[in-house]
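Residue numbers (the numbering used here): 36 to 282.
All residues carry an ideal CB built from backbone N, CA and C; glycine is no exception.
Quick notes on the structure that follows.
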């Protein structure tokens, strides 16, 4: 019988610590599969963040760094400049990348560092208790805004992919989602393309992935999928926002 699904060697067999319904595990697998399929695992280095995916180094079957909060792009820059033959990626949530690490990711992109950033946007701080994040939606409730995000006081959610795409430096910038099987298949294509650009030594690559957080959203996994589609996707449109050929 033909095998159509198998465990990827891009991942370890460590049991996941993520909450039921969290799609971090799905995104992990997509990254692991791409690394394995491209045959680059032996020279790939990942950088884990601070946040829900702080233990990412236990799941990816490649060499990993653990960065201080928000500093993953700086660590990735150091690794890539020291050993340009490495394939280097960061895996970061919205609190890590879009809050304390905002300057790091913007300047890394502006310098055109040839690394890949996987940015997981679940519109909330997950690990630390569900506080409002830079990506929290208008009127979305969080522990630090129980009445909902007031844009007059907190500003509007930051569209990170569009902001980075506005820089003049050539780059590959995209936004995908993993809330349905079809979108997950597309997300893998985009993530793989991002790594391919790095393998070809072309440009900085950045993939934002819309993800669910049932625990902090106070919803079931199925309800979370619907909430993401109805509330996040209209504000955070999916697609390729920039290619190096466009520069």
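Proximal residues to residue i (C-beta, below 6 Å), its chain only, five neighbours per side dropped
{"i": "residue 152", "result": "125, 241"}
{"i": "residue 100", "result": "82, 110"}
{"i": "residue 160", "result": "130, 166, 168"}
Option nearest residue i by Cα separation, candidates the options
{"i": "residue 60", "options": "89, 39, 233", "result": "89"}
{"i": "residue 130", "options": "252, 77, 170", "result": "170"}
{"i": "residue 270", "options": "226, 238, 210, 259", "result": "210"}
{"i": "residue 173", "options": "163, 158, 107", "result": "158"}
{"i": "residue 147", "options": "248, 251, 136, 233", "result": "233"}
{"i": "residue 40", "options": "68, 62, 57", "result": "68"}
{"i": "residue 273", "options": "261, 62, 208", "result": "208"}
Rounded separation between residue i and residue j - CA only
{"i": "residue 50", "j": "residue 94", "result": "8 Å"}
{"i": "residue 37", "j": "residue 221", "result": "24 Å"}
{"i": "residue 154", "j": "residue 179", "result": "23 Å"}
{"i": "residue 259", "j": "residue 55", "result": "11 Å"}
{"i": "residue 91", "j": "residue 186", "result": "33 Å"}
{"i": "residue 216", "j": "residue 142", "result": "34 Å"}
{"i": "residue 257", "j": "residue 164", "result": "21 Å"}
{"i": "residue 138", "j": "residue 254", "result": "32 Å"}
Bridge-paired residues (DSSP) for residue i
{"i": "residue 267", "result": "Answer is none; residue 267 lacks a bridge partner."}
{"i": "residue 180", "result": "177"}
Heavy atom of the ligand GDP within 7 Å of residue i beta-carbon
{"i": "residue 158", "result": "No copy of the ligand GDP occurs in the structure displayed, which carries no ligand at all."}
Beta-carbon spacing of residue i, residue j below 8 Å
{"i": "residue 202", "j": "residue 145", "result": "yes"}
{"i": "residue 345", "j": "residue 219", "result": "For residue 345 there is no data in the structure shown, the boundaries of the chain being 36 and 282."}
{"i": "residue 79", "j": "residue 122", "result": "yes"}
{"i": "residue 162", "j": "residue 87", "result": "yes"}
Spatial neighbours of residue i in its chain, beta-carbon cut-off 7 Å, leaving aside the 5 residues before and after
{"i": "residue 64", "result": "43, 46"}
{"i": "residue 236", "result": "149"}
{"i": "residue 97", "result": "70, 76, 79, 80, 81"}
Contacts around residue i, its chain only, beta-carbon distance under 8 Å, and the 5 residues preceding and following it disregarded
{"i": "residue 231", "result": "73"}
Test: residue i CB closer than 8 Å to a CB of chain D
{"i": "residue 274", "result": "This model lacks chain D altogether; it includes just one protein chain."}
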